[in-house]
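J.:
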Amino acid sequence: MPALLRKLVIFAAVDGLILQFPGNGPRHNGNNESSSIRIDYSTSRISPLSAYPTDQNERDSGLEVFGLVGLLSVASYPFLISITQRQQVAQIQGKPVYTITNIAVIPTSSQEDASRAISQAKEQLLQGEDGQDETTSEENISDAETEGEDIDATSIPSSPIQETSHTKDHSVSGIAEDVIGKRARFGRFAANWLSRKTLGLPGFGTVGQNTTDVSQDVDNKEPSMASDVNKDNTEATASKVDSPLEQAAGQPSPPDPTVELLPKLLRYAKLLFTSNNFFFSYDYDLTRHIGGQRLSLNSHLPLHKVVDELYFWNKHLMAPLIAADAHSFVLPLMQGFVGQRDFTVTTTPEHRPTETDNSTQEDLGGHTLSEKHETQASDTDANKRDFLLTLISRRSVKRPGLRYLRRGVDDEGNTANSVETEQILSAPDWDPAHKVYSHLQIRGSIPLYFSQSPYAFKPVPVLHHSVETNQLAFDRHFRDLSRKYGKVQAVSLIDKHGGELKLGEQYEKYAQALNQSGGIDGVPLGLEWFEFHNECRGMKFENVSRLVHSLEDTLNEYGDTVVQDNTVVRGQTGVVRTNCMDCLDRTGVAQCAFGQWALERELKEERINIDLAGDSSTQWFNTLWADNGDAISKQYSSTAALKGDYTRTRKRNYRGALNDLGLTLTRYFNNIVSDYFSQACIDYLLGSVSTQVFKEFATEMQTADPGISVQKLRQDAIDTSCRIVISEQSEEFLGGWIMLTPRQPNTLRTLPFEEVILLLTDAAIYSCRFDWNTDKVLSFERIDLCSVTHINYGTYITSILADTQTDKDGNVGLVIEYREGDANALRVNTRSLQSNVNTKTLDSNASSSKEWSMYSWFRDNPHSKTRFIAFKALPLSNSVTQTKESSSKVSETDWVRTICEEIERAMKAGGVPRNDQEEEPSVIEASEIISLEDAKKRTGILEHLVYDIKKLVWA
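Numbering-wise, our numbering puts 347 at position 69 of the sequence shown, and it's gapless, one number per residue.
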């Protein structure tokens, strides 16, 4: 495959940001692709350069980087994200693997902006070289040792000591700090708002302020906050950029939620990509297991066209570079974990630990040294073997995000927290003549539609949608797994009591239904329900060996992949899929046990017997798996994994339990505060949503789930309601719509509004309240078309708290006035024989006289019993639908007017004209329902206060 550019120089020229090889000028790689590109300041367009005359001073002012994360564009503000520091964490087949430790976010809007950001990034790198950079250490292999030239793969040590960020021990006294300090991100509130002044974006105070001064001020106040500000300081941005509205009108433009949240997005992007959870290699495809590397061997395609897109995390950010054919600049990133340990064992029939073995476990910077470095003096070369164990976890880009906000399955069969973990056993020098063993495991949320409230310590899972919808997604999930891995053995570790019981029973039910329908291409799905907490009660987590023993025949059948002489001599025929509720803590312990079984089996094939569970000299194995568990846990729950003390030490005590309590409290804080905006950022960085997501967040403090088609669910709800509520076969269904309506009948504004289904037939209008969790109609009101007297549509503003809620064109509704009569009915689903409800009982709950006073058109017969029902249009587009191509844009006003016209057309078609010579007057009137002025009067101080507090905390 074409070589990627391993080191670039970025500098701000007069007509654009230039990226090229360091040296005397632009060069070309072997495929005649330009090694220099330019990003135009005005349009952000990327163009290749065959030659670019620049003076030496301009080139010397550039920033040297090790690759690109991509180009991030938000609200007409483009930013180039580049890798300024990296750290080698492993080598596979002689090819180094790196993790990102620092990035620079460079605005490309002007030369001045870019130059300032480049200067700040260079200054930060110089400070790091002076020992102030947290990402380097004496034990780690850093780029300071290889700055001058490309790395020679043959000179790389086989087992670099891994960076310490994956594992940090928590003392009992540190629990409070975990909850309210840096890990809970609460201490960063002041810093987040302070740092807005340094961003140089419209509406954020002082421009061009010295960012060092701000950081120093924070340093004097709070250490934990200062470290984050220093790490996140805004070399990411630049000086003031006037918006088009400001330039045209000479005055500040109305606040845009997208621009207001841009500083927070940039800070999160920097935190995300410098979290030591993103890995890359210039020469090795990290996204595929070692048996699948043959797909990229001798390939002339760019690396980004060879990698598995399921684990290509920066594909969306790289889209502009791919479109410009700048393939040499496209560096695929994988989120997950990469760890490596070398070890030595004897070739005697049975390996027994000795005092020398037990004394070899020295801790250096939080990491355990392998046996190899200590046993060479005591063992002869003839009686020992050196091995290398590599652990790679690949996090899927499908249904990504944070727990409680991404649970269960989506419409495509993707599940939350889906991770493929590969354990590789090889020789340290990767001699092709020696066998390389690869064992794959996967984890993922239970493939059903369910959710849990983030506001409870032990939230009860709530199932959603119909049996058919769940079965379809369930089957699709396992069929996709089967196509990729072969046979599938599912392992569920959830409890058989309490809130988890129902979900586990449904898991079994859908698995049985899948097998009864023929299984997966004729092969049944295996499901083992191992109640982890019951089997391992009393902190006896070693009892998980019972699970391994019960599945030993299946594990032997699936086997592993063996590669020798660059040829796959044996393939793994199946995979174990493990889950608990979060697929974190219990799953990590179980997967470690499966990995231990696989390693012992592979060593036995090499004529080496070893008991990893009973040999204290092999504690490095548990540490490696614990590091893996912590990394996955931080990516899904923002904290390290629970039960990590047992995974590392095979012991469980009260200190570990107290540490888990602290982590649980931290998770709880993140669940109810931090995760909402983080989820919006993840969805946007992956290209799943548009910038509309930030407007939605500013309004609701939460966003839509791009993996679940709301349009499809709403259409299914319309179809279900039609089957249930339209009892007369003679009625012809004309149309159905999802709209909002006040909670109380006969009112215009009773918060909160509820989604209802509006059905229209040739005889009546139906307003159906729907239970979206169970896909059942809770109640419906039938209004005979003959009783409709008036229809009003127009501006319908129910709140003024957010800018989108005050838009007159986007907040539109209709009100249907009708006379009470025997033909009208209200029915409630009471799950019993009685479902009729007398409409007169609703009058006491309705403030009809107060609402009617707003309408001048309630005038025909003030003494008659007249009622009305109000509907408000939902937004026709959101952050998810805007990412897909759509046809003509229809406004909410036009959409509501069309519904009114459909109702009137049905009324005329079913009625008898009063006079053949005279056309009946229209019942439709266009006028405001609740104007902006009325909405301001109706919004109380308490509503403003609650919203402002939520915005302060969440946004």
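Backbone N, C-alpha and C define an ideal beta-carbon position, used for all residues, glycine too.
Run through the segment 1010-1064 for me and flag every whole beta strand (DSSP E) of 3 or more residues, listed as ranges in chain order.
T.: 1011-1019, 1032-1039, 1042-1049 and 1054-1062
J.: Mark Asn402 as exposed unless 16 or more other C-beta atoms lie within 10 angstroms of its C-beta, in which case mark it buried.
T.: At residue 402 the sequence reads Gln, which differs from the Asn that was named. By the 10 Å Cβ count, Gln402 comes out buried.
J.: Have a look at Val740 and Tyr727 and give me their C-alpha separation to the nearest angstrom.
T.: 9 Å
J.: What residue does the beta strand (DSSP E) around Ser770 start on, and which one ends it?
T.: Lys765 to Ser770
J.: When burial is assigned at 16 or more other CB atoms within 10 Å of the CB, is Asp520 buried or exposed?
T.: Bear in mind that a pLDDT of 37 at Asp520, under 50, signals an unreliable position, so the model cannot answer this.
J.: Which two residues bound the contiguous alpha helix (DSSP H) that contains Lys542?
T.: For Lys542, the enclosing alpha helix (DSSP H) stretches over residues Leu540 to Phe551.
J.: Among the candidates Gln897, Trp898 and Trp875, whose CA atom is the shortest distance from the CA of Asn887?
T.: Nearest of Gln897, Trp898 and Trp875 to Asn887, Cα basis: Trp875.
J.: Going by the DSSP bridge assignment, what does Asn1070 pair with across the sheet?
T.: Val1093 and Glu1203
J.: Run through the DSSP bridge pairs and tell me what Ser729 is partnered with.
T.: Beta-bridge pairing by DSSP links Ser729 to Val740.
J.: Can you grab the Cα-Cα spacing for the pair Asn857 / Gly1014, in whole Å?
T.: Cα-Cα distance, rounded: 40 Å.
J.: Going straight from the alpha carbon of Ser360 to that of Ile378, what length do you get?
T.: 10 Å
J.: At which residues does the beta strand (DSSP E) containing Gly614 begin and terminate?
T.: Counting along the chain, the unbroken beta strand (DSSP E) around Gly614 starts and ends at Met612 to Thr624.
J.: With distances taken from CA atoms, which of Leu718, Val847 and Leu825 is nearest Ala711?
T.: Val847
J.: Please specify which runs of the alpha helix (DSSP H), each continuous and at least 4 residues long, are wholly inside the segment 797-825, giving them in chain order.
T.: 810-813
J.: Grab the span of the alpha helix (DSSP H) containing His594 for me, first residue to last.
T.: Counting along the chain, the alpha helix (DSSP H) containing His594 begins and ends at Lys593 to Ala601.
J.: Where do the N-terminal and C-terminal ends of the alpha helix (DSSP H) with His582 fall, by residue?
T.: Leu581 to Val584
J.: Does DSSP classify Lys285 as helix, strand or coil?
T.: coil
J.: By DSSP, does Ser433 sit in helix, in strand, or in coil?
T.: The predicted model places Ser433 with a pLDDT of 32, which falls under 50 and marks its position as unreliable; any figure quoted below should be read in that light. Looking at Ser433 - three-state DSSP - the assignment turns out to be helix.
J.: Name the DSSP bridge partner or partners of Phe899?
T.: The partner list for Phe899 (beta bridge, DSSP) is empty, contrary to what the question assumes.
J.: What residues in its chain sit with their C-beta under 8 Å from that of Asp1087, if we drop five residues either side in the sequence?
T.: Ser1169, Glu1170 and Thr1171
J.: Is the distance from the Cβ of Arg684 to the Cβ of Asp860 below 8 Å?
T.: no
J.: So Ala261 packs on Val1090, CB below 8 Å; how close in whole Å?
T.: Because the chain here runs from 279 to 1233, residue 261 falls outside it and cannot be looked at.
J.: Considering only their Cβ atoms, is the gap separating Ser1065 from Asn1024 smaller than 8 Å?
T.: no
J.: For Cys814 and Thr622, what's the separation of their Cα atoms in angstroms?
T.: 32 Å
J.: Rounded to a whole number of angstroms, what is the C-alpha to C-alpha distance between Gln973 and Leu1079?
T.: Here residue 973 turns out to be Lys, not Gln, going by the sequence shown. Approximately 12 Å between the Cα atoms of the pair.
J.: From Leu282, Ser325 and Ala395, pick the residue whose C-alpha is nearest to that of Phe357; which is it?
T.: Ala395
J.: Starting from the C-beta of Leu286, find all residues in its chain whose C-beta is less than 6 Å away, skip the five residues before and the five after it, and write them out in chain order.
T.: Leu297 and Val343
J.: Could you check if Val383 is buried or exposed, using at least 16 other CB atoms within 10 Å of its CB as the buried criterion?
T.: buried
J.: Could you spell out the range, first to last residue, of the alpha helix (DSSP H) harbouring Gln715?
T.: The identity of residue 715 in the sequence shown is Tyr, whereas the question assumes Gln. No alpha helix (DSSP H) holds Tyr715; the beta strand (DSSP E) holding it covers Val714 to Arg721.
J.: Which whole-angstrom value is the C-beta distance of Asp905 and Ser716, which I expect to be below 8 Å?
T.: No, Asp905 and Ser716 are not in contact; Cβ-Cβ is about 19 Å, not under 8 Å.
J.: Go through its chain and collect everything with a Cβ distance to Gly965's Cβ below 6 Å, but skip five positions before and after it.
T.: His594
J.: Nearest to Val1093 by CA position, among Phe1058, Thr1052, Ile1181 and Leu1012, is which residue?
T.: Ile1181
J.: Is the segment 751-760 touching the segment 794-806, taking contact as three or more C-beta pairs under 8 Å?
T.: yes
J.: Between Glu587 and Tyr1044, what straight-line distance do the alpha-carbon atoms span, to the nearest angstrom?
T.: 46 Å
J.: Residues bridged to Phe556 by DSSP?
T.: Gln613
J.: Look at the Cβ atom of Val766, then the Cβ atom of Gly852, and state whether they are nearer than 8 Å.
T.: yes
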